[in-house]
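Trainee: What follows is a single structure, and I will ask about it in a moment.
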Amino acid sequence: METENNLITGLTRDCRAYVELLAYAEQAAGEGLSSLSRLFLAASKARKIYAESYLSTLNGITSSSDNLQRAIAHEIVEADELYPQFIETAKKEGMPEVLRTFMLARSAKRKNIHLFEAAVDELGRETPADYYVCQVCGYLYKGHEPIDCPICGKGPQTMERV
């Protein structure tokens, strides 16, 4: 169905634009351009609205239990199928920085899968928890702030509480 393909294309493009616009806002803020930063932030929020609407229309948001299963499935495919290909290509093309980025992301995703799987077991009995995200590799950590990231080895200054 062409309309469904258009929704998927719109979702993909708006998700990417959302992230790019957030990065642009951060860059502008760092350069002291607060008005431009706010414009980029506003545009990113608009893209998020579009993307969420497309996702909802595609029935991509259902029950929390189903959403959790989808999140696990996506992480597994990325960690076990996509990233190994990305890693091999980066090796072949001699791009060590990209290779390191892909390897860190894959390692973090593999660990993050365990958090999602634990959430399946805890579903229905909500317990308060703090989560941290390593700003270098994307590792998710549950509990107290870790001393060092177990994936990339960076210190607590890279961990952001969510």
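Position one of the sequence shown corresponds to residue 58 (this note's numbering), numbered consecutively onward. Think of the CB as a built atom: it goes at the ideal place given N, C-alpha and C, for glycine as much as any other residue.
#1: If you reduce the DSSP assignment to three classes, tell me which class Leu72 lands in.
#2: Please identify the residue among Leu115, Thr114, Arg157 and Phe173 whose C-alpha is closest to the C-alpha of Ile133.
#3: Which term fits Asp71, buried or exposed, when burial requires 16 or more other beta carbons within 10 angstroms of its beta carbon?
#4: Roughly how many angstroms lie between the CA atoms of His171 and Phe97, to the nearest whole one?
#5: Cys194 and Ala147: beta carbons closer than 8 Å?
#6: How is Leu197 classed by DSSP in three states: helix, strand or coil?
#7: Look at the Cβ atom of Leu68, then the Cβ atom of Ala108, and state whether they are nearer than 8 Å.
#8: Does the beta-carbon of Asn124 have 16 or more other beta-carbons within 10 angstroms, so that it is buried, or is it exposed?
Mentor: Concretely, from the data shown:
#1: Checking the displayed sequence, the identity of residue 72 turns out to be Cys instead of Leu. In the three-state scheme derived from DSSP, where H, G and I count as helix and E and B as strand, Cys72 is classed as helix.
#2: Nearest C-alpha to Ile133 among Leu115, Thr114, Arg157 and Phe173: Phe173.
#3: It is buried - the Cβ of Asp71 has at least 16 other Cβ atoms within 10 Å.
#4: Each residue's Cα considered, the two are about 35 Å apart.
#5: No, Cβ-Cβ distance for Cys194 and Ala147 is not below 8 Å.
#6: The answer is strand: DSSP assigns Leu197 an E or B state.
#7: Closer than 8 Å, so yes.
#8: Answer is exposed; the Cβ neighbour count stays below 16.
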